[in-house]
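Residue numbers (our numbering): 279 to 613.
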């Protein structure tokens with residue numbers, strides 16, 4: 279097992295140290311949660327030792343384009359979830375080119391080259407061709423689609439694996455693309471078991487806390503606070519943990535700017551943020567005043583704030599199952 283894969287296999291007790299609860303919901307549940315230590319689960323982020331890749335691979339991406347992969351010598355990965363999946367497959371060494379900014383820096387840092395992948399005009403067909411990748415993996419059907427199509431026209435093996443689908447599906451597709459389908463099935467099965475465990479714990483649960491996922495990122499360079507809508511990994515985590523995503527309920531698509539009036543109208547009972555963004559939003563104490571409108575919500579009255587590890591909330595990859603189970607202990611401590 280690679281060093282990075284060993285990192286993923288750490289017990290959940292260690293992985294959830296960034297997870298903090300400041301209140302939880304309202305009423306008896308909030309009082310109970312505030313009086314007790316943060317609950318954790320025994321869930322672990324799974325990993326497997328994949329066999330040697332069986333190449334070449336004929337693969338049909340989520341853009342319905344067939345590509346042939348004959349070499350993994352210099353793979354360009356455009357998102358963290360794919361890198362996390364490769365790491366969990368013990369294939370992190372195949373990441374040759376990685377984004378300049380990453381939430382899993384210990385994986386990305388091993389790449390031969392780092393490039394800017396976010397921001398208008400930062401990713402071009404000509405620029406990627408000059409990097410001479412043997413495979414390019416994109417996940418955004420909006421931001422990556424044009425570049426991937428251009429690379430395909432230029433004869434570069436490039437494909438899209440839709441990042442909004444459930445983690446087990448992304449895992450199996452990514453592993454198939456990399457020539458290790460059996461390992462992918464095994465890994466996806468372990469993550470699916472965590473999803474199923476969370477679902478079973480919701481049996482008989484009728485009331486779902488009203489949750490809003492706030493972010494200091496996600497709306498370009500506007501600097502505006504955004505909220506997560508339906509087509510986001512964070513939405514899936516909230517829903518599968520037993521919460522109701524008020525951002526999706528109000529019709530937000532992906533991450534969109536949220537106004538003070540919109541926040542108040544959504545009426546969230548609990549606010550969820552990624553660990554790395556908490557300070558930008560004002561910190562545990564300052565968020566209620568810094569984010570306009572937040573002080574007028576039920577969440578502010580009970581100071582109900584959950585801070586969760588970035589990859590568990592936003593990654594949509596291997597950590598998703600652990601994120602769901604850990605968040606569920608906060609939203610439904612009696613389940």
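We treat Cβ as the ideally placed atom computed from N, Cα and C, and that holds for glycine.
Computed from a predicted model, the values in this text were never measured in an experiment.
Review point. Can residue 597 and residue 606 be called in contact, C-beta distance under 8 Å?
Key: Translated into the one-based positions of the chain shown, residue 597 becomes position 319. Translated into the one-based positions of the chain shown, residue 606 becomes position 328. Taking 8 Å as the Cβ cut-off, residue 597 and residue 606 do not qualify as a contacting pair.
Review point. Cβ atoms of residue 487 and residue 521: under 8 Å apart, would you say?
Key: Position 243 of the chain shown holds residue 521. Position 209 of the chain shown holds residue 487. Yes, they are a contact pair.
Practice item. Sort 611, 320, 325 by Cα distance to residue 466 and report the nearest one. Key: Sequence index remark: in the chain shown, residue 466 carries index 188 (1-based). Cα-wise, what sits closest to residue 466 is 325.
**Study point:** Range covered by the alpha helix (DSSP H) that runs through residue 406
**Key:** Taking the chain shown and counting its residues from 1, one reaches residue 406 at position 128. Its alpha helix (DSSP H) spans residues 403 to 408.
**Study point:** Cβ-Cβ separation, residue 602 to residue 515 (assumed contact under 8 Å), whole Å
**Key:** Within the chain shown, numbered from 1, the residue matching residue 515 stands at position 237. Within the chain shown, numbered from 1, the residue matching residue 602 stands at position 324. Confirmed, Cβ separation roughly 5 Å.
Exercise for review: Taking all protein chains shown into account, decide if residue 380 is buried (16 or more other Cβ within 10 angstroms of its Cβ) or exposed.
Suggested key: Counting from one through the chain shown, the residue named residue 380 turns up at place 102. Looking at its Cβ environment, which holds 16 or more other Cβ atoms inside 10 Å, residue 380 is buried.
Practice item. Below 6 Å CB to CB, which residues in the same chain sit around residue 571 once its five sequence neighbours on both sides are set aside? Key: Your numbering for residue 571 matches position 293 in the chain shown. The residues are 538, 541, 542.
Review point. Are there 16 or more other CB atoms within 10 angstroms of the CB of residue 408, so buried, or fewer, so exposed?
Key: Counting from 1 along the chain shown, the entry for residue 408 is found at position 130. Its Cβ having fewer than 16 others within 10 Å, residue 408 is exposed.
Review point. Which residues in the same chain as residue 292 place their Cβ atom closer than 6 Å to its Cβ, once the five residues preceding and following it in sequence are excluded?
Key: Within the chain shown, the letter at position 14 stands for residue 292. Caution is warranted here: a pLDDT of 31 is assigned to residue 292, below 50, making its placement in the model unreliable, and the coordinate value is therefore given only provisionally. No residues qualify anywhere along the chain.
Check your understanding: In chain order, what residues of the same chain have a beta carbon less than 6 Å from the beta carbon of residue 510, not counting five sequence neighbours either side?
Key -> Here residue 510 refers to the residue found at position 232 of the chain shown. Around residue 510: 532.
Point to revise | Contacting residues, own chain, Cβ-Cβ under 6 Å from residue 372 (five flanking each side not counted) | key: By 1-based counting over the chain shown, the position of residue 372 is 94. Hits under 6 Å: 350, 353.
Practice item. Write down the C-beta distance between residue 361 and residue 385 rounded to the nearest angstrom, noting that I regard them as a contact closer than 8 Å. Key: As a working note, residue 361 is residue 83 in the chain shown. As a working note, residue 385 is residue 107 in the chain shown. Rounded, the Cβ-Cβ distance is 5 Å, consistent with contact.
Practice item. Please name the residue, chosen from 458, 505, 439, that lies closest to residue 338 on a Cα-to-Cα basis. Key: As a working mapping, residue 338 is identified with position 60 in the chain shown. Residue 439 is the option with its Cα nearest to residue 338.
Point to revise | Length of the line joining the Cα atoms of residue 544 and residue 489 | key: Here residue 544 refers to the residue found at position 266 when the chain shown is read from its first residue. Here residue 489 refers to the residue found at position 211 when the chain shown is read from its first residue. If you take the alpha carbons of residue 544 and residue 489, they lie about 9 Å apart.
Point to revise | With 16 other Cβ atoms within 10 Å as the buried cut-off, status of residue 503 | key: As a working mapping, residue 503 is identified with position 225 in the chain shown. Buried, since its Cβ has 16 or more Cβ neighbours within 10 Å.
Check your understanding: Alpha carbon to alpha carbon, how far is residue 578 from residue 507?
Key -> Within the chain shown, the letter at position 300 stands for residue 578. Within the chain shown, the letter at position 229 stands for residue 507. Straight-line Cα distance between these residues: approximately 21 Å.
Review point. In or out: residue 482 buried (at least 16 other Cβ within 10 Å) or exposed?
Key: In the chain shown, counting from the first residue as 1, residue 482 sits at position 204. Per the 10 Å Cβ criterion, exposed.
**Study point:** Cβ pair residue 441, residue 426 closer than 8 Å
**Key:** Counting from 1 along the chain shown, the entry for residue 441 is found at position 163. Counting from 1 along the chain shown, the entry for residue 426 is found at position 148. No; because the gap between Cβ atoms is not below 8 Å, this pair is not in contact.
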